[in-house]
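Chains Y and G, in that order, give the protein sequences.
In terms of the working numbering, the first sequence has 154 at position 154, counting the first letter as 1, and numbering is strictly consecutive.
Quick note, the working numbering runs 426 ahead of the 1-based positions in the second sequence.
Reviewing the structure listed below.
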Amino acid sequence: MTISSDPKQVKQICFDNINVPDMNKLAVAREHGAYAFLPTVLKEFDSAKIIDEVKTSGLRGRGGAGFPTGLKWSFVPRNTGKPTYLLCNADEGEPGTFKDRDIMRFDPHLLIEGMIMAGFALNVHDAYIYIRGEFLHEANVMNEAIAEAYAANLLGENILGSGYSMHLTVHRGAGAYICGEETALIESLEGKPGRPRFKPPFPAVEGFYGCPTVVNNVETLATVPAILEFGGQWHASIGVPNNTGCKIFSVSGHVNKPGNYEVPMGTSLKTLIEEYCGGLQHGTVPKVIIPGGSSTPWLTAEHYDTPLTYDALMKAGSFLGSGAIIVMDETADLVALTHRLAHFYAHESCGQCTPCREGTGWLERIMDRVEHGKGNAKDVAVLKDAATHMAGRTICALAEGAAAPVLSLLKFFPEDVKTRLAEKSS
Amino acid sequence: MSADAVRFSEERLAEIETLVKRYPGPQSALMPVLYMAQEDFGYLSMDTQKMIAGVLGLRLMQVREVVTFYTMFREQPCGTHLLEVCTNAGCMLNGAYELAEHMCKTLGIKMGETTPDGLFTIAEVECAGACGGAPVVQVNNIYHEKATPDSMDALITHVRAQAGGKA
């Protein structure tokens, strides 16, 4: 790899070669260090060493939950007599998130290499990339890269003469947000509707076709090659304790230069928006910042200096999530936006849990009324009641995500709602 | 069309046979096979769904459940150009609704409809995962980022001119 071995010098990991032209071609990727360290891993590392390095690195899942990756891998039982599967979650459906798309379309070999290393650690022989259906171009790029990797014996039987074999298949979803939830993803990959499963059993023990299964996000897997080459301690020295490494933030909304920016963990929200994203379209301080995708609670101007870490964002009352930062300046119509998100969650609820199926519908219908001047003062109380009673009463976290924008609107901007009710009904 | 009339080509059947082997069970091949059918036949008629159930050894109900759960599987034909406008948060904040309204006006149809010449279907979709390029319009699954009323008008004019040229 071409990243500095001095952690103090590291500004990005997954995006190190993101702007290299034709990086999706194997020859170009190799010129920039792809697969250079793989033979060493296959020859000199074993499962325990790889898992140890990943544990030491402090890497936490980049898909949204932030669960320690090494720990997740260590939960996989050995010698069960069943195969173990590795699934890459490339469903990337959380509104505001668009980072994994760039890894896949610009540097697909980084993901493939990470998957080979993870697969080797977990003794996986069949791995899958579950990619959202809309990403047809990205799926094609991945498939071309995989074909080149097979031809170079980086995938398939007896990889580079190591005795280790792994097959990799790209599987397209078909437009269901819920399939980003790992057990729904497994159901979908089994050819069924994506309805989340009750946990436990966790996928590590009983996942794809009832076998031990690890589901990791694209960015998580793409970080593994650097960790193994430079060591877990190297990665742990980047960022801040308990929030190590770099993170890609997808910034959208009212900023002048929206896009993906990878920065060391701990960089402040304000620095990211002002120095990387060219500041706000209007004004100097954001009205609302949704820090981790549409399902995470809102932050406001008072949180503008918050460091971007799992811990600091949680302390501020939200989550780092997938790193999808939606920024709104004073021109945003927050009632309309909340209605739009309520519509989204009602549309995407899989329907198996009543609090979610019914609750998301209630939130949508009431927000529709409020936005269009047909609401009344009681609606505020009903919204609060319904949203509060959805969370924690369902199989997965979709209901909680659906409640977050509504509760945030009522908490931070009750005046916006009141004004709307007064204005339109008069 | 009767169920017998909807058939995959021999090449497709061979492709499906290879595909099935990549998974622990044949049902996993259902979604990719539905995409193949949509590509070959334009949409998933009941006859097509019955045929697929037969090919993969599934019950029709198992196929129906999947077709109706996922938004990207279509049971009705649509225009040759499917225009999917994302109106979720990132796009909404950057003028997606105004764009969608403009496109409907240019096309002379309402959201969700198909033009009488069969060239265009316009639909509102959920987050396309490209918010950095908001607003986003997918045209037959090709992403058009930072779309504007002008760029979409140009695209529509271009498609119409090409179709007119052929007729």
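C-beta: ideal position from N, C-alpha, C; glycine also.
Between E371 of chain Y and H339 of chain Y, the C-beta gap is smaller than 7 Å, which places the two residues in contact. By the neighbour-count definition (other C-beta atoms within 10 Å, threshold 16), V285 of chain Y is an exposed residue. M328 of chain Y carries a strand assignment under DSSP once its states are collapsed to helix, strand and coil.
The criterion of a C-beta distance shorter than 7 Å is not satisfied by T80 of chain Y and S322 of chain Y.
The contact set of H347 of chain Y on chain G, defined by CB atoms closer than 9 Å, consists of T497, E552 in chain order.
Contact of Y209 of chain Y with chain G is assigned, a C-beta pair being separated by under 7 Å.
The C-beta of S165 of chain Y comes no closer than 7 Å to any C-beta of chain G.
Three or more beta-carbon pairs separated by less than 8 Å link the segment 505 to 525 of chain G to the segment 569 to 581 of chain G, which places the two stretches in contact.
Of G:D543, G:G559, G:C557, the smallest CA-CA separation from Q588 of chain G is found for G:D543. Annotated as distal: V446 of chain G and H507 of chain G, with beta-carbon spacing of 7 Å or more. The beta carbons of V76 of chain Y and A204 of chain Y sit closer together than 7 Å. Within 9 Å of the CB of P450 of chain G, the CB atoms of chain Y belong to P83, Y85, D126, E190, F208, Y209, C211, in sequence order along the chain.
Measuring C-alpha to C-alpha distances from L42 of chain Y to each of Y:A34, Y:S162, Y:E144, Y:R420 identifies Y:S162 as the nearest.
Here G133 of chain Y is near G173 of chain Y, since their CB atoms are less than 7 Å apart. In this chain, the beta strand (DSSP E) harbouring Q564 of chain G covers 563 to 565.
Contact check for T331 of chain Y against N243 of chain Y fails: the beta carbons are separated by 7 Å or more. In its chain, beyond the 5 residues on either side, Q475 have a beta carbon closer than 8 Å to the beta carbon of R490 of chain G.
Among the CB atoms of chain Y, one or more fall inside 7 Å of the CB of M518 of chain G. Fewer than three Cβ pairs drawn from the segment 63 to 77 of chain Y and the segment 133 to 146 of chain Y lie within less than 8 Å of each other, which leaves the two stretches out of contact. D126 of chain Y is bridged by DSSP to Y:Y85, Y:H167. Out of Y:A149, Y:L86, Y:G93, the CA that lies nearest to the CA of D126 of chain Y is found in Y:L86. Per DSSP, reduced to three states, the secondary structure at A402 of chain Y is helical. The residue among Y:C246, Y:S165, Y:V382, Y:F135 with its C-alpha nearest the C-alpha of G266 of chain Y is Y:C246.
Rounded to the nearest angstrom, the gap between the Cα atoms of T541 of chain G and Q464 of chain G is 20 Å.
Any Cβ of chain Y closer than 7 Å to the Cβ of Q453 of chain G would place that residue at the interface, and such an atom is present. Neighbours of G558 of chain G in chain Y, taken as residues at a C-beta separation under 8 Å, are given in chain order as F98, S250, V251, S252, P258, G259, N260. Judged by DSSP secondary structure, N140 of chain Y falls within the alpha helix (DSSP H) whose first and last residues are 136 to 151. Annotation for D102 of chain Y: I18, N260 place their beta carbon closer than 7 Å to its own, counting only its chain and skipping 5 residues before and after. A515 of chain G has a beta carbon lying within less than 7 Å of a beta carbon in chain Y.
The segment 86 to 95 of chain Y makes contact with the segment 174 to 184 of chain Y: 3 or more CB pairs, one atom from each, lie closer than 8 Å. Nearest CB-CB separation between N567 of chain G and chain Y: below the 7 Å threshold.
Annotation for G253 of chain Y: the continuous beta strand (DSSP E) segment containing it runs 246 to 253.
When rounded, the separation of the alpha-carbon atoms in G70 of chain Y and Q233 of chain Y is 13 Å. By DSSP's assignment, A90 of chain Y forms a beta bridge with Y:I131. At a cut-off of 7 Å between beta carbons, E491 of chain G contacts chain Y. Residues are counted here when their Cβ sits less than 7 Å from a Cβ of chain Y; for the segment 461 to 476 of chain G these are Y461, given in chain order.
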